[in-house]
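I have placed the structure first, in the form of structure tokens, so that the comments after it can refer back to it.
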Ligand SMILES: [Ca+2]
Ligand SMILES: [Ca+2]
């Protein structure tokens, strides 16, 4: 049975587990504290009820993981959709291609657990977004629930839902949705996931010539100069090790 214009509370069946690890990435969204785990049931995430949380990105950010605290069986989808403002809803029904920036399918844990699903590091430009979880699209046919017992909303938590084919603001749900990211590897000019001599050579070859060739303009100020060189040297090494590194030349 479905409720009309109301969030559906649903106990769920079936199982598959993902684990949580201790990541050091930036937290783009953490909507609620983690409450009691190992549960089944909560706010339903099914084909006729999607649940989501809004978040804001200040700087270009590569998404590294999506997750939260939920349980379920079969596959669900997680979609990051661009919003037109801090209180906007997706404009599609349910989505239009232009607003969807990431689609990830996953099998939620059973019983409930705090989990993360790694993504393909889509880079988000500054702006407003929402992570939306649901089923029935992108090849998913599972069902889940967002557990909320013992959880409380964190500052700025802003939920949305899609019930009965309509997007709407959702009230305080105490759902824990998480999106992680990291600064994009801007100095990796040739895209080989490492900042090294090939990138340095490209930068030097374009010294001062930007435009038309602006690949070496790492800080985007319209000129390839010492500022860009310092950024490149400061991020020397593999892109997945953003910590301070020794300059290699
Ligand atoms: Ca490179
Ligand atoms: Ca520059």
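Numbering (this note's numbering), first residue to last: 20 to 268. Even glycine gets a Cβ: it sits at the ideal position worked out from N, Cα and C. Note that the structure is predicted; figures quoted are calculated from it, not measured.
Taking 7 Å as the cut-off, the C-beta of residue 207 does not count as close to any heavy atom of ligand 2.
Taking the Cβ of residue 237 as the reference point, at least one heavy atom of ligand 2 falls within a distance shorter than 7 Å. Under the three-state reduction of DSSP, residue 246 is assigned to helix. The beta carbons of residue 76 and residue 138 sit about 14 Å from each other, so the pair does not count as a contact at 8 Å. Here the distance from the Cβ of residue 244 to the nearest heavy atom of ligand 2 is below 7 Å. Per DSSP, the beta bridge partners of residue 181 are 69 and 186. If you keep only unbroken beta strand (DSSP E) runs of at least 3 residues inside the segment 135–215, you get 146–153, 162–165, 178–182, 185–189 and 196–201.
Closer than 7 Å to some heavy atom of ligand 1: that describes the Cβ of residue 218.
Inclusion of residue 179 and residue 187 in the CB contact set at 8 Å is warranted, their separation being smaller than that value. Taken through DSSP and simplified to helix, strand or coil, residue 115 comes out as coil. Between residue 190 and residue 61, the C-beta spacing is not below 8 Å. In this structure, the beta-carbon distance from residue 237 to residue 247 falls below 8 Å. According to DSSP, residue pairing for residue 237 in a beta bridge does not occur. With a contact defined as Cβ atoms closer than 8 Å, residue 172 and residue 131 miss out at about 18 Å. Going by C-alpha positions, residue 59 is about 15 Å away from residue 53.
Per DSSP, the beta bridge partners of residue 95 are 125. For residue 107, no beta strand (DSSP E) encloses it, and the DSSP letter there is neither H nor E. The criterion of a C-beta distance shorter than 8 Å is satisfied by residue 136 and residue 97. Counting C-beta pairs closer than 8 Å gives three or more between the segment 91–110 and the segment 146–154, which meets the contact rule. Separation of the CB atoms of residue 92 and residue 197 is rounded to 21 Å, and the pair is thereby denied contact status at 8 Å. Following the DSSP letters along the chain, one finds residue 255 in no beta strand (DSSP E), marked with neither H nor E. Between the C-alpha atoms of residue 227 and residue 218 there is a straight-line separation of about 16 Å.
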